[in-house]
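Step one of this worksheet: look at the structure below.
In my numbering, the protein residues as written are 198 to 1324.
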């Protein structure tokens, strides 16, 4: 049987959320009351009431909770009876052992009853919102996840048929006992050994409730969370990476000085309107200083906007994002330090006690974090003695800072108004003032939240909302997308995509290397016998996101690779000792990698424990190795690049450890991972991926190995000096390669040849040419001048058009994917969520992309189509691409070339279409996920249609269970159909003629001029027919009122009639309205002034009534002439 303990079923991310002392005390008191009130021998109804009171006093006061029909206790999803039931509870008395289930025997009446109630809700009432089902005798609790009932019972078609027969009275008895003994018993027996459930006995917790020393027990905390509505109703919680912490986000925007606004159906972040601007906000303060000191003359204005105001805002915004990135990183670091040292306030440094003004903050950035301990001044060491040196380029002066201002240039003359809804105004903080100095406000605001990268199961006097790396990532994505409106990919999507794509990629890698034929992770686990070699293969994977944004996909890929190593049994420490599954469990929940020990306790770094140090160091080194070797990203937005690097540093910071070399005094430094995340326009490049550069390497004296070594050394360079030397060397290598490759550009070679030929033709000749020779020469000169002008225009556009400034040369930027000869090998996996921008809205930039030669380019299309093609080009042979994009390409006209490209140039492996299910909060785009391989199309795509949000709850299982095999081999529309539907479609296509091939032109449908009068529902039709005086009139009238289908009612392979009818008084039919008195009376009730076709305006009962447009038709007729066929 699948008996699970509470700590096994609780969401591990939810386990990290702290509990407030007052709430925990309330729970314990209510539990004591329940224990004391329940006595053996009481009536079952009495004990049910005690349980109901306990639930109401703890978590369910705001929910409608009552017995319903035969259900002992049903808890709905809100406080109304209109909402669906989310929780079903079957209660037996403490002495009713015959009907109560046990761990030895689940197949008793309590579970049989739950099954009946579940089927009534799920089948008869179409309720797909059930979360859990509970059977209890007050002491023992058996909690079944509704997903388990869905898999084991609802998906059993035979059971559903038997249940329906029972409900419809087609069985020998309609009594519930018959269902329990004859139906439920049979089907429970089939699955009882595999049916998973959570079990606990409240009597095992009595001694913990009676403790009087004020201590708390992890077991009681688990019990609190098991009973919580967050768990039993599956609510989102504080550190849910799929939802935005709106309070934190809104107040952070206020402090920066920006706000959200809707523009063109997109939510964008903009400067506050003039009347709401605050001089003391970071943005306004920065803009003021930039303007006052005329700083924009030092920057390339064309990179920041078209006019002074736009440039001022964008430069200030980039500076503010840089500064805020540093501050948030430091807040996470501070939280880590405090956790490592049991809350010792000596390790708290981000406060007004240490940092009084912007000068002090600047000192923290550049004289503390940017210098190792030996180079810090005495005064700095005194003030920031415990702040570690991390060797992060995050704390180096940026190019923009060096050209404009640093944070110490900001003024402190004014104070910032505190937001009305500020967290500082809560009852616990009770802020009494309305304005604060900006830094004091910022630090107090940040202190109101818990920034521990991984929480712990704690009860706290004040349970601060947890802001972990995943939540910050969502906020980074939103702020970073201030120009175009960000599209944040939910964590459950990135987790699913990374698991699917990385599994395929790793299997391919091992199968190619060893000649195996492994199809699953389990297959691979059973074949691996050389741990070091297996690690080497995974460590040499190259995964890239060409539109990296905040780095969400790369972080998910990082977690997935570590989980994969653990599952394959090849995760080892520095000495090669394996991290055993018997000692630790790894899982990814809520987009976070979570580690628990053998007892199910969350792993927490303890500097005093050798085993804890071993695990922490292993996690850090594995993450560093993967980030350095495997993960790459490019983005056109420099702020995205900064945030992505920050996200990866934060992932390392989670597992920062004290080094044995420093006698556990100093933290291990961070690698220079910035070189793997680069800024540029992924779609633009001048050097073809297939061009050979062997000649270039030979003549320039550059070797790829030299290039690779320089990059490897840079990643682990210590100190600014060594790093700058290597940076200079790498820049020189890339510059030489660019110059030499540019010299060999076929267009440039042709231009030079044509110029040379033109010069020779125009040079003075020794002998006078004949007329014929001169005519030929003049024609050739004219042709050459035309060709030269065209080529010069190309190079001039490249030189002058700012879009080319960001061109990204994939050919040379990542030496990791080049072989020793400089050939482009490609990435093993391309993954991401490329931007959605209509090409026709991009103006001249779209023309540039068109000239890049993308075969998927369509002027009416979207830029994500080009990213698909780019991604496939960047892959190594047999590599995998996995994108989430709009699903319009599957059926839209502009997607025809993309569909043809996929069918002829790739091997589509998996297609998940979220038709009608909203994935992104910020936009209404319907999405799809495509996993495709750079290989020959084998015409076997696993395709899944997700039309219900419930399918998102466990996407991997849903896709696995609901997928059908589809054969996508052409540029025709890609439609996901069941095998039966595919068969019907093939038969229809074999005998039918597609609408596009009909010799007709369809412009528009029926125009009545007033649909509210002429298009009626069935009820109104029946009323009109009932008003007919004779049977003959009724028959005539029924013929006149015809069923109608609107465009929205026509689906791809069927129609859905909406019970609508049209009064078909078409002018071409020349009806006499007097032959239809019931219709005439109905239309007159609308008003002849409204229906007449004169275009005039009438006054009726003091109101203006506009008639239909002027035509020659009668008042009772539809508006336009319509050809009419009876079918």
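Even glycine gets a Cβ: it sits at the ideal position worked out from N, Cα and C.
Bear in mind that the values here come from a model prediction, so they are computed numbers and not experimental data.
Buried or exposed by the 16-neighbour rule on C-beta atoms within 10 Å, applied to residue i
i: residue 215; result: buried
i: residue 964; result: exposed
i: residue 543; result: exposed
i: residue 451; result: buried
i: residue 514; result: buried
i: residue 1324; result: The predicted model places residue 1324 with a pLDDT of 45, which falls under 50 and marks its position as unreliable, so this point remains unresolved.
i: residue 512; result: buried
i: residue 328; result: buried
i: residue 1218; result: buried
i: residue 1113; result: exposed
i: residue 309; result: buried
i: residue 756; result: buried
i: residue 839; result: buried
i: residue 1154; result: exposed
i: residue 638; result: buried
i: residue 578; result: exposed
i: residue 517; result: buried
i: residue 846; result: buried
i: residue 1195; result: exposed
i: residue 919; result: exposed
N-terminal and C-terminal residue of the beta strand (DSSP E) that residue i is part of
i: residue 789; result: 789-794
i: residue 1328; result: The chain is shown only over 198 to 1324; residue 1328 falls outside these bounds and no answer can be derived.
i: residue 831; result: 828-832
i: residue 394; result: 393-398
i: residue 1104; result: 1104-1110
i: residue 286; result: 282-288
i: residue 876; result: 874-876
i: residue 1075; result: 1072-1083
i: residue 782; result: 781-786
i: residue 713; result: Here residue 713 belongs to no beta strand (DSSP E), and DSSP marks it neither H nor E.
i: residue 740; result: 740-742
Proximity of residue i and residue j at Cβ, strictly below 9 Å
i: residue 482; j: residue 607; result: yes
i: residue 261; j: residue 276; result: yes
i: residue 1078; j: residue 1057; result: no
i: residue 1179; j: residue 1161; result: yes
i: residue 852; j: residue 816; result: yes
i: residue 1059; j: residue 1085; result: yes
i: residue 248; j: residue 287; result: no
i: residue 424; j: residue 224; result: yes
For residue j and residue i, believed in contact at Cβ under 8 Å, the rounded distance
i: residue 464; j: residue 457; result: 6 Å
i: residue 619; j: residue 628; result: 7 Å
i: residue 689; j: residue 1149; result: 6 Å
i: residue 1110; j: residue 1173; result: 6 Å
i: residue 1025; j: residue 702; result: 5 Å
Neighbour flag for residue i against chain C, beta carbons, 9 Å
i: residue 525; result: Of the protein chains in this structure there is only one, and it is not chain C.
N-terminal and C-terminal residue of the alpha helix (DSSP H) that residue i is part of
i: residue 926; result: 917-940
i: residue 250; result: 241-255
i: residue 273; result: Run containing residue 273: none in the alpha helix (DSSP H); it sits in the beta strand (DSSP E), 268-273.
i: residue 722; result: 718-724
i: residue 837; result: 835-850
i: residue 211; result: 209-212
i: residue 805; result: Taken as a continuous stretch (DSSP letters only), residue 805 belongs to no alpha helix (DSSP H), as it is neither H nor E.
i: residue 340; result: Per DSSP, residue 340 belongs to no alpha helix (DSSP H); it is in the beta strand (DSSP E), 337-342.
i: residue 219; result: 218-234
i: residue 640; result: 635-644
i: residue 578; result: 575-580
### Task
Jot down the residue ranges of each uninterrupted alpha helix (DSSP H) in the stretch 1277-1322, minimum 4 residues, whole runs only, in chain order.
Runs of the alpha helix (DSSP H) inside the stretch 1277-1322: 1285-1288.
### Query
What runs of the beta strand (DSSP E), each 3 residues or longer, lie entirely inside the stretch 1124-1172?
Scanning the stretch 1124-1172 from its first residue to its last, the whole beta strand (DSSP E) runs of 3-plus residues come out as 1124-1130, 1138-1142 and 1161-1163.
### Task
List in chain order: all unbroken beta strand (DSSP E) runs of 3+ residues lying wholly within the stretch 427-512.
Whole beta strand (DSSP E) segments, 3+ residues: 455-460 and 463-468.
### Query
Hey, which unbroken runs of the alpha helix (DSSP H) at 4 residues or more fall wholly within the stretch 1188-1243?
The qualifying runs are 1208-1211, 1215-1223 and 1228-1237.
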